[in-house]
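Worksheet: the structure to be examined is printed underneath.
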Amino acid sequence: MTTYDIPAGPSLSPARMTWKFLRDRAGTIPAYHEEFGDTFSLKILPGPRTLVVFSDPADIKEIFAADPSQFHAGKGNEILKPVMGEHSVLLTDDAEHQRARKLLMPAFTGPSMRAYQPLVEAIAKVEVDSWHDGDTVIALDRMNAITLDVILQVVFGVTDESRLAVLRPKVNRMVNIDAKMLLAWSYPRLFALPPWRGYFKNQQEVDKLLYAEIAERREAHDLDGRDDVLSRLLRVGATSSSSVEPVETPLTDAEMRDQLVTLLLAGHETTASALSWTLHELGRNPEIHARALDAADTGDDAYLEACLKESMRLHPIIDFVARTLQSDQVVAGRHLPRGTTVTPSIMLSHSREASFADSHLFKPERFTVDKVAPNTWIPFGGGVRRCIGAAFSLMEGTVVLREVLQRYAVTAEAPSPNKLRNITNVPGDKAPLRLTMR
Numbered sequence: 018m019t020t021y022d023i024p025a026g027p028s029l030s031p032a033r034m035t036w037k038f039l040r041d042r043a044g045t046i047p048a049y050h051e052e053f054g055d056t057f058s059l060k061i062l063p064g065p066r067t068l069v070v071f072s073d074p075a076d077i078k079e080i081f082a083a084d085p086s087q088f089h090a091g092k093g094n095e096i097l098k099p100v101m102g103e104h105s106v107l108l109t110d111d112a113e114h115q116r117a118r119k120l121l122m123p124a125f126t127g128p129s130m131r132a133y134q135p136l137v138e139a140i141a142k143v144e145v146d147s148w149h150d151g152d153t154v155i156a157l158d159r160m161n162a163i164t165l166d167v168i169l170q171v172v173f174g175v176t177d178e179s180r181l182a183v184l185r186p187k188v189n190r191m192v193n194i195d196a197k198m199l200l201a202w203s204y205p206r207l208f209a210l211p212p213w214r215g216y217f218k219n220q221q222e223v224d225k226l227l228y229a230e231i232a233e234r235r236e237a238h239d240l241d242g243r244d245d246v247l248s249r250l251l252r253v254g255a256t257s258s259s260s261v262e263p264v265e266t267p268l269t270d271a272e273m274r275d276q277l278v279t280l281l282l283a284g285h286e287t288t289a290s291a292l293s294w295t296l297h298e299l300g301r302n303p304e305i306h307a308r309a310l311d312a313a314d315t316g317d318d319a320y321l322e323a324c325l326k327e328s329m330r331l332h333p334i335i336d337f338v339a340r341t342l343q344s345d346q347v348v349a350g351r352h353l354p355r356g357t358t359v360t361p362s363i364m365l366s367h368s369r370e371a372s373f374a375d376s377h378l379f380k381p382e383r384f385t386v387d388k389v390a391p392n393t394w395i396p397f398g399g400g401v402r403r404c405i406g407a408a409f410s411l412m413e414g415t416v417v418l419r420e421v422l423q424r425y426a427v428t429a430e431a432p433s434p435n436k437l438r439n440i441t442n443v444p445g446d447k448a449p450l451r452l453t454m455r
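Going letter by letter, the sequence shown gives residues 18 to 455 in this note's numbering.
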């Protein structure tokens with residue numbers, strides 16, 4: 018008989034543990050770490066299934082480097098399936114995931130990034146132009162407005178203001194999800210009941226708009242000259258100049274819809290939250306704020322990026338990444354059974370004193386002077402499943418910070434406690450900032 022070595026963990030029922038996990042990970046996970054150490058287990062629904070949480074960098078390195086055919090990330094993200102769809106790059110594994118990643122990656126490489134930067138600058142400038150000296154702006158709302166327009170134009174290629182006006186509120190509704198709504202993602206039948214019915218109807222309306230956009234774009238005469246992700250995906254399967262055979266099998270409308278929604282959800286509120294936390298921290302740390310203003314004036318994007326990275330360390334937007342074992346495996350010296358989900362904890366890794374001294378403090382110099390050890394700063398995950406939009410997110414965040422700080426000094430007007438919304442951590446009071454024109 019096989020003996021497994023599942024680490025200790027809280028003795029709560031799976032239902033209670035799931036509710037705590039969905040509502041207050043920022044409180045419960047550090048408390049369990051204090052009680053049980055670097056590795057502990059949780060029993061959660063649906064299933065119930067076992068999550069084993071890891072926070073030691075050596076263990077995280079082992080998980081990220083493990084055989085992806087046996088450590089399935091798609092299975093670990095299954096809760097996202099009702100909204101992102103079965104073809105999502107986040108939800109697939111093996112050959113299907115490799116194909117999706119191969120098709121999406123060119124949109125987020127160096128040449129494409131350089132092409133997107135002026136667009137980000139223009140969108141941020143329009144937003145900042147609407148601000149006034151002495152005003153208080155709600156950082157999370159204003160950063161959401163910027164990143165939503167960026168993602169709609171970069172991913173969908175939608176620039177027509179009338180279309181943007183229709184999409185914006187529906188997309189915002191789709192990402193505004195609390196713990197109660199997450200339950201329906203685990204139990205989709207709940208979408209037939211109030212209050213979940215309204216969310217499901219809104220999602221159907223977004224899908225209808227996306228499918229209409231896909232159909233219209235298929236007929237566009239300028240498809241070859243467009244750089245947005247939708248146009249790139251529609252060109253998949255076109256013949257090359259040297260061959261009459263398709264380079265790739267064309268994507269179905271459903272496949273395109275799932276990848277577009279994934280990029281929309283994964284690339285919108287995450288970057289907005291990171292920017293909000295960064296501006297909040299700058300607004301409450303005068304010396305760092307002064308240096309950031311100078312960096313914005315002198316074009317020192319490296320320092321602005323360091324501010325962004327440090328806020329992502331101090332306030333991780335996503336708490337963890339997951340891999341589900343497809344067979345019995347030995348992980349960090351523990352024999353774990355097939356079906357176990359192993360979860361490197363971003364939150365615990367980023368607050369580890371051995372990796373980041375005075376981890377509770379906002380210190381951007383960690384990323385300019387200090388050398389950050391591998392597998393300690395992991396906001397984008399790691400290994401072959403590292404977020405394909407990581408470089409784009411950092412570019413976008415740096416550009417937006419520069420546009421804001423060239424025009425305004427900011428002062429934080431509230432403590433901004435952590436709040437879990439959707440699967441992301443956002444400032445609980447949305448980070449109000451008082452503006453002082455420079």
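Glycine included, C-beta positions come from ideal geometry on N, C-alpha and C.
- In the assembly as shown, Lys119 is an exposed residue. Its beta-carbon has fewer than 16 other beta-carbons within 10 Å.
- In the DSSP assignment, the residues bridged to Tyr425 are Met454.
- The beta-carbon separation of Phe71 and Ile61, rounded to 16 angstroms, does not stay under the 8 angstroms limit for a contact.
- Counting the other Cβ atoms within 10 Å of the Cβ of Thr453 gives fewer than 16, which makes it exposed.
- Arg118 is bridged by DSSP to nothing; it lacks a bridge partner.
- In the three-state reduction of the DSSP assignment, Phe71 falls in the strand class.
- His352: member of the beta strand (DSSP E) spanning 351-353, first to last residue.
- Per DSSP, reduced to three states, the secondary structure at Phe88 is strand.
- His332 has its alpha-carbon roughly 29 angstroms from the corresponding atom of Leu342.
- Under the three-state reduction of DSSP, Arg340 is assigned to strand.
- Between Val416 and Gln134, the C-beta gap is smaller than 8 angstroms, which places the two residues in contact.
- The beta carbons of His306 and Ala426 sit about 7 angstroms from each other, so the pair counts as a contact at 8 angstroms.
- Residue burial annotation: Lys380 is buried, with at least 16 other C-beta atoms found within 10 angstroms of its C-beta.
- For the pair Glu382 and Ser376, the CB atoms are not nearer than the 8 angstroms cut-off.
- According to the DSSP assignment, Gln221 belongs to the alpha helix (DSSP H) that extends over 213-235.
- With fewer than three CB-CB distances shorter than 8 angstroms, the stretch 346-355 does not count as touching the stretch 300-317.
- With contact defined as three or more Cβ pairs closer than 8 angstroms, the stretch 333-340 and the stretch 385-405 are in contact.
- Between the C-alpha atoms of Asp76 and Leu411 there is a straight-line separation of about 26 angstroms.
- Membership of Pro444 in the beta strand (DSSP E) is indicated by the continuous run 441-444.
- Here Thr393 carries a coil assignment [DSSP, helix/strand/coil].
- Nearest neighbour of Thr287 by Cα position, chosen from Ala313, Arg252, Asp270, Ser328, turns out to be Ser328.
- Just so you know, the alpha carbons of Pro444 and Pro361 end up roughly 23 angstroms apart.
- Val167 sits away from Leu247, with the two beta carbons spaced by 8 angstroms or more.
- A residue is called buried once 16 or more other Cβ atoms fall within 10 Å of its Cβ, and Met122, having fewer, is exposed.
- Leu296 places its beta carbon less than 8 angstroms from that of Leu450.
- Per DSSP, the continuous beta strand (DSSP E) segment holding Thr56 begins and ends at 56-61.
- Using a 10 angstroms sphere on the CB of Lys326, the tally of other CB atoms reaches 16 or more, which defines it as buried.
- In this chain, the alpha helix (DSSP H) harbouring Pro186 covers 178-192.
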